[in-house]
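Engineer:
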Amino acid sequence: MCSSAISFISSPHSLILTHVFPTKTNPIFNCRVPPLKPPSFIRIPYGSFKKPSFFTSSKPFSPLMKWQDCTVKMEIDVPASVAYQLYSDREAIPNWMPFVSSVKVLEDKPDLSRWFVKYKAFGRNIEYSWLAKNMQPIPNQKIHWRSLEGLGNS
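Counted the way the numbering used here counts, the sequence shown spans residues 59 to 212.
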């Protein structure tokens with residue numbers, strides 16, 4: 059795989075690659091940053107004379123941040139057949155996509171797979187997973203899937 063593909067895959071953002079489309083010479087990878095729900099925060103008063111009660115003095119609040127959904131298309135200088143082979147072996151994807159921890163194909167339903175992503179952010183270990191259904195591929199042209207539960211993508 060070329061260096062542009064490696065720098066793309068090694069991005070610090072949690073990209074979910076959802077489609078591979080070949081052009082006449084190179085495939086185009088379609089990916090998106092998944093929309094995530096921000097964690098809940100509790101505001102605890104500081105500097106009061108009496109000890110704050112969790113039930114009376116604290117209240118939930120939303121931090122000043124918002125998750126954004128964006129789509130990226132990028133041409134990779136690799137034959138479409140190579141890209142198709144890499145994406146066809148779903149359980150091997152974590153070998154070349156470092157932000158994906160594991161992919162397990164369900165034994166009883168081989169068109170379904172459970173994906174896991176683990177990474178560190180803001181000093182915390184963050185984990186996400188989703189169940190994906192492979193749609194009908196077009197060999198050496200298109201691989202696509204839909205998220206059925208968990209982290210959404212399309």
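Just so it is clear, CB atoms sit at the ideal spot from N, CA and C, and this is done for glycine as well.
Below 6 Å CB to CB, which residues in the same chain sit around residue 176 once its five sequence neighbours on both sides are set aside?
Structural biologist: So the qualifying residues of the chain are 159 and 185.
Engineer: Any idea if residue 5 is buried or exposed, counting beta-carbon neighbours within 10 angstroms, 16 or more meaning buried?
Structural biologist: The chain is shown only over 59 to 212; residue 5 falls outside these bounds and no answer can be derived.
Engineer: For residue 173, list the residues DSSP reports as bridge partners.
Structural biologist: 161 and 188, per the DSSP bridge assignment.
Engineer: Quick check on DSSP: helix, strand or coil for residue 134?
Structural biologist: Reduced to three states, the DSSP call for residue 134 is coil.
Engineer: On the CB-based measure, 16 or more other CB atoms within 10 Å of its CB, does residue 148 come out buried or exposed?
Structural biologist: With 16 or more Cβ atoms within 10 Å of its Cβ, residue 148 is classed as buried.
Engineer: Can you give the Cα-Cα distance for residue 153 and residue 143, rounded to whole angstroms?
Structural biologist: Approximately 13 Å, taken between the alpha carbons.
Engineer: DSSP three-state call for residue 144: helix, strand or coil?
Structural biologist: If DSSP states are grouped into helix, strand and coil, residue 144 belongs with the helices.
Engineer: What's the gap between the Cα of residue 173 and the Cα of residue 204?
Structural biologist: So the two alpha carbons sit approximately 12 Å from each other.
Engineer: Which two residues bound the contiguous beta strand (DSSP E) that contains residue 196?
Structural biologist: Here residue 196 belongs to no beta strand (DSSP E), and DSSP marks it neither H nor E.
Engineer: Any idea which residues DSSP pairs residue 200 with across the strands?
Structural biologist: For residue 200, which the question treats as bridged, DSSP gives the partners 196.
Engineer: Please name the residue in 135, 191, 145 and 182 whose C-alpha comes closest to that of residue 197.
Structural biologist: Considering only alpha carbons, the answer is 145.
Engineer: Using the C-alpha atoms, what's the distance from residue 127 back to residue 180?
Structural biologist: In a straight line, the C-alpha of residue 180 is about 20 Å away from that of residue 127.
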